[in-house]
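Have a look at the structure below, then the notes.
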Amino acid sequence: MTLASSCSVALVGAGNMGGAMLARLRSLGHAVAVCDIDPERQQEAAGLGARVLATPAEVAAALNPDGLLIVCVVDAGQSEEVLFGSDGAADRLSPGQDVMLCPTIAPEDVERLARQLAQTGIDCIDAPMSGGPARAREGRMSLMLAAPSQVLARRRPVLSQLSGLCFELSERPGDGARTKLVNNLLAGINLVGAAEVLALAERLGLDASRTLDVIEQSSGQSWIGSDRMRRAIAGDFAPRAHVTLLEKDTRLATEAAARAGFRGPLGERAAQVFAQAHAAGLAELDDGALLELLRQQGHDGR
0 MTLASSCSVA LVGAGNMGGA MLARLRSLGH AVAVCDIDPE RQQEAAGLGA RVLATPAEVA
60 AALNPDGLLI VCVVDAGQSE EVLFGSDGAA DRLSPGQDVM LCPTIAPEDV ERLARQLAQT
120 GIDCIDAPMS GGPARAREGR MSLMLAAPSQ VLARRRPVLS QLSGLCFELS ERPGDGARTK
180 LVNNLLAGIN LVGAAEVLAL AERLGLDASR TLDVIEQSSG QSWIGSDRMR RAIAGDFAPR
240 AHVTLLEKDT RLATEAAARA GFRGPLGERA AQVFAQAHAA GLAELDDGAL LELLRQQGHD
300 GR
């Protein structure tokens with residue numbers, strides 16, 4: 000089946016972050032083709048006026064000759080399938096079209112996928128994101144970009160629409176992933192710390208919400224601590240970012256550290272806490288559910 004090229008952007012993966020980027024792009028008038036395996040996400044994308052297609056190959060075929068394919072899935076395996084699987088996008092892309100790779104994956108996987116794309120004349124932008132869906136929807140998330148300078152230059156207009164915080168790191172795909180893993184390891188450490196101290200505050204007889212008021216205006220403040228713990232204190236664990244995401248990211252970060260011959264005092268411990276949360280049945284909850292885990296661990300004296 001041949002599809003007429005008509006879309007300036009194609010997006011594979013319209014979940015929390017991908018859906019937010021789609022909303023941003025549509026609000027700015029971009030014609031966007033979308034593929035997602037979740038029927039609910041498909042309906043949401045159609046409601047935003049996107050062209051919903053069945054496979055990555057079809058959304059790639061729907062791109063303009065100078066269009067951009069954004070891959071916003073979860074992990075390296077899914078990224079490989081989107082690009083090079085049986086209905087993958089790579090075979091339907093042509094030189095002049097670029098791939099923007101947004102998942103948080105190992106730097107080695109980014110490098111490998113970029114090499115495979117280069118063999119077909121397609122450039123890859125290593126472009127992990129940070130900031131959450133609300134910021135992505137408003138164009139206020141951060142993008143960590145690594146790609147040849149000429150590729151970043153020709154994509155700068157749409158990149159600047161997606162993010163007012165575009166950090167152009169280097170020309171080496173993989174450096175975006177390295178930067179994201181460093182950032183997310185700190186996010187994981189901060190979130191474990193925030194959950195621990197609020198569980199402790201409750202054990203000391205303090206009001207958790209009042210304590211967080213103080214922390215937010217004092218030296219212990221962190222954005223992720225405030226964002227997640229406000230919801231957790233209210234008992235709201237509806238997933239904006241599943242426990243499994245920071246579980247994956249902290250694991251990837253500590254694996255990257257080990258390959259570099261670095262071992263710090265906190266990263267591995269934070270990764271263990273996320274793994275414990277998964278094992279405790281919290282995997283599909285918001286990662287603020289760490290508060291529940293640490294309340295229980297503190298009660299058990301572990």
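Following numbering that gives the first Met the number 0, the numbering of the sequence shown begins with 0 at its first residue and continues without gaps. For every residue, glycine included, the Cβ atom is placed at its ideal position computed from N, Cα and C.
Taking all protein chains shown into account, do 16 or more other C-beta atoms lie within 10 angstroms of the C-beta of residue i, making it buried, or fewer, making it exposed?
i, result
"Ala233", "exposed"
"Val292", "According to the sequence shown, residue 292 is Leu rather than Val. When all chains shown are included, Leu292 counts as buried."
"Phe261", "exposed"
"Thr119", "exposed"
"Ser129", "buried"
"Arg209", "exposed"
"Glu57", "buried"
"Glu283", "exposed"
"Val31", "buried"
"Asp235", "exposed"
"Arg134", "buried"
"Pro38", "exposed"
If residue i sits next to residue j, beta carbons under 8 angstroms apart, how far is it from one beta carbon to the other, in whole angstroms?
i, j, result
"Gly95", "Pro132", "Not a contact, Cβ separation roughly 31 angstroms."
"Cys101", "Cys71", "5 angstroms"
"Ile36", "Ser78", "Wrong, their Cβ atoms sit about 14 angstroms apart, outside the cutoff."
"Met140", "Ser159", "With 8 angstroms as the limit, Met140 and Ser159 do not qualify as a contact, their Cβ atoms being about 12 angstroms apart."
"Val157", "Leu67", "6 angstroms"
"Pro172", "Cys123", "5 angstroms"
"Ala152", "Leu290", "In fact, because the Cβ distance is near 44 angstroms, the residues do not count as touching under 8 angstroms."
"Ala176", "Val109", "5 angstroms"
"Asn183", "Leu245", "7 angstroms"
On the DSSP letters alone, give me the boundaries of the alpha helix (DSSP H) that residue i sits inside.
i, result
"Glu318", "Nothing about residue 318 can be read from this structure; the chain reaches only from 0 to 301."
"Ser225", "Trp222 to Ile232"
"Met20", "Asn15 to Ser26"
"Ser218", "Counting along the chain, Ser218 falls outside any alpha helix (DSSP H), and DSSP gives it neither H nor E."
"Ala135", "Pro132 to Glu137"
"Ala59", "Pro55 to Ala60"
"Val81", "Ala75 to Phe83"
Helix, strand or coil for residue i, going by three-state DSSP, please let me know.
i, result
"Asp97", "strand"
"Pro264", "coil"
"Ser5", "coil"
"Ala257", "helix"
"Ala277", "First, the residue type needs correcting, since residue 277 is His and not Ala in the sequence shown. In the structure shown, His277 sits in a helix (DSSP, three-state: H, G or I)."
"Val33", "strand"
"Pro38", "helix"
Taking a contact to mean a Cβ-Cβ separation below 9 angstroms, would you say residue i touches residue j in this structure?
i, j, result
"Leu203", "Asp248", "no"
"Gly138", "Arg250", "no"
"Met143", "Ala193", "no"
"Ala269", "Gly219", "no"
"Arg40", "Ala60", "no"
"Ala276", "Ala288", "yes"
"Pro126", "Ala146", "At residue 126 the sequence reads Ala, which differs from the Pro that was named. Yes. Within cutoff."
"Leu27", "Ala49", "no"
"Asp286", "Leu168", "no"
"Ala88", "Val98", "yes"
"Ala200", "Pro106", "no"
Looking at the unbroken beta strand (DSSP E) that takes in residue i, where does it start and where does it end?
i, result
"Ile124", "Asp122 to Asp125"
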